[in-house]
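The next block holds one structure in the form of structure tokens; read it before the comments.
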Amino acid sequence: MTGIRLTAPAPGWAIDADVVVVGSGVAGLTTALRCAAAGLDTVVVTKARLDDGSTRWAQGGIAAALGEGDTPEQHLDDTLVAGAGLCDEEAVRTLVTEGPDAVRRLITTGATFDTTDSGDIALTREGGHHRRRIAHAGGDATGAEISRALVEAVRSAALHTIENALVLDLLTDAEGRTAGVSLHVMGEGQHDGVGAVRAPSVVLATGGMGQVFSATTNPSVSTGDGVALALRAGAEVSDLEFVQFHPTVLFLGADSEGQQPLVSEAVRGEGAHLVDATGTRFMLGQHELAELAPRDIVAKAITRQMHEHSTEHMYLDARHFGAPMWEQRFPTILAACRAHGIDPVTEPIPVAPAAHYASGGIRTDLRGRTTVPGLYACGEVACTGVHGANRLASNSLLEGLVFAERIAADIAETRPPRTEPARSTGGEPVALLAPETRTAIQRIMTRGAGVLRSAASLAAAAEELEALHRSAAADVDAADPKDAVPGVDAWEVTNLLLVSRVLVAAAREREETRGCHWREDRPDRDDAHWRRHLVVRIAADRTPVVHRTETAAFPPVRAAD
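Position one of the sequence shown corresponds to residue 1289 (the working numbering), numbered consecutively onward.
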């Protein structure tokens, strides 16, 4: 344990449970439903409303070997290729073999997928897949349908939920084992202010950290809170340098910031073409799958074209779909484009890469256990080894489903006893940053650690981030401190800074190009030296400590208990 914690008031209220699940996407709600079904007293904590997480923004679908002629082995092969040599094969095999039944259980929970005229699940293709294996709902509203079904199931089961609550820090007992979380309820709901949920099992399903960059497909709540909490608690994170930039995000202008509309890979799966301003397709000859190459390859190709043509975007041309197909298959994307003055029925869509998905995260084993006893992680916040250096399209919802069920099974099997949280002995809490620092962090990260990286850009980013860190710490020690007042905005930006510092530390260490980590100064993949994982923890002096594994295999999370 590091003893590091956020500056916050002491909890003014507390409730007790067997399990607290933080997050309300597919990973969190599936875990909660399975735990409750096993008879565990389960509390769900979510930062906004139950249906406000990243899951509902997922357009493309969920990948599983459900179609005739497809097999888990073929799904495994595609996943390993996309992961560029860093996938954990056992984790991938778990995903693809347990995935089809997990999807069927999701259907029994209430999710409705699009079907063919014969009544079978309709399947499409996305980048990196050699088979049509992507199940979708509402055309391009898969995440919204999954979220709807799971939220309804949670409400029908009358689970205890705490909405509009930002999780702050992990609580531990005298032995260093998990004893719950502290959290702040934002003025709505059953509790107000800072409180605690005391539970011997904590499941982090807090989603991604896309808000560390200026432009992202992630919602505003994706500020890396789970990764930051885990780091402060002493957990290890891995592969954080592998941030996937989605190739086709609606370009809204060079100065646009925050969440940007995604143009799903399924549009390319149905036959859309990437073209330059002259209408020339540029993916032909670059990869056997052309526009359906893995995302890192497509994002790099678009970025190269932008540089060569001195422009800020390329185009996605799907005019040949016609109005009926756009309206039936991609109604959400059609509406988003038209809302911004672009009609994809009659004109190409301007697109550019934007931060989309964290392939790394809190390091776990195949039961979702982290390096802190009693702390689990699931979904985008976790690093199970499934995604390697680049996530295969539509494997994310499936990972959330499969590993949520495994986590619930582990907690139900072990049923650890409740213990009393120990008083903190970690010295001074973390200095908070002023909320307006958020934009500065995002611009530093976009400039220095975006799609294109180099030793120079990463060094500059590291220095600027450390300057922000030092400035906040110095202000606490000043005779007349002007440190930020504890509150949601200050806590979020403090989390963003910690996650950014760790991401940049890992990216500086990895001196090669692999998957979605693209080093301009190290353009080649180097398996001899870098087919390894980078594991990072935070030292007691609050600096990132990066460790390179000796092989491509993850070290054990902890000795079996």
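We put the CB at the ideal spot given by N, CA and C, even for glycine.
Taking a 10 Å sphere around the C-beta of Gly-1327, we find fewer than 16 other C-beta atoms and assign the residue as exposed. Using a C-beta cut-off of 8 Å, the stretch 1322-1336 makes contact with the stretch 1449-1458, since at least three inter-stretch Cβ pairs fall below that distance. Where Ala-1493 is concerned, there is no enclosing beta strand (DSSP E), because DSSP gives it neither an H nor an E.
Going by DSSP, Ser-1788 is part of the alpha helix (DSSP H) stretching over 1776-1797.
Where Thr-1460 is concerned, there is no enclosing alpha helix (DSSP H), although the beta strand (DSSP E) around it starts and stops at 1453-1460.
In the three-state scheme derived from DSSP, where H, G and I count as helix and E and B as strand, Ile-1350 is classed as strand.
The beta carbons of Pro-1638 and His-1601 sit closer together than 8 Å. Cβ neighbours of Trp-1806 within its own chain (closer than 7 Å, five residues either side excluded): Lys-1588, Val-1739, Leu-1740, Arg-1741. For Phe-1533, the pairing in a beta bridge is given by DSSP as Ala-1643.
Within the stretch 1320-1402, complete alpha helix (DSSP H) segments of at least 4 residues are found at 1360-1370, 1377-1397, given in chain order. By the 16-neighbour rule on beta-carbons within 10 angstroms, Gly-1656 is buried.
Excluding residues up to 5 positions away in sequence, Gly-1416, His-1417, His-1418, Leu-1680 lie with their Cβ nearer than 7 Å to the Cβ of Asp-1366 in the same chain. For Ile-1650, the enclosing beta strand (DSSP E) stretches over residues 1649-1651.
Its chain contains Gly-1676, Ala-1677, Arg-1802, Arg-1813, Asp-1815, Arg-1819, Ala-1840 as the residues whose beta carbon lies nearer than 8 Å to that of Gly-1373, once the 5 sequence neighbours on both sides are disregarded; these appear in chain order. Taking a cut-off of 8 Å on C-beta distances, the stretch 1699-1719 touches the stretch 1463-1471, as three or more cross pairs fall below it. Between the alpha carbons of Ala-1748 and Arg-1789 lies a distance of about 12 Å.
DSSP places Ile-1409 in no alpha helix (DSSP H); its state is neither H nor E.
Comparing C-alpha distances from Leu-1519 to each of Pro-1832, Arg-1846, Pro-1843 shows the shortest one belongs to Pro-1832.
For Ile-1303, the enclosing beta strand (DSSP E) starts and ends at 1302-1304.
When the Cα atoms are used, Thr-1319 and Thr-1511 turn out to be separated by approximately 22 Å. For Ala-1670, the secondary structure class from DSSP, reduced to helix, strand or coil, is strand. The C-beta separation of Leu-1411 from Ala-1423 comes to about 6 Å, placing the pair in contact by the 8 Å criterion. With at least 16 other beta carbons inside 10 angstroms of its own, Val-1690 counts as buried. Under the 10 Å beta carbon count, His-1595 is surrounded by fewer than 16 other beta carbons and is classified as exposed.
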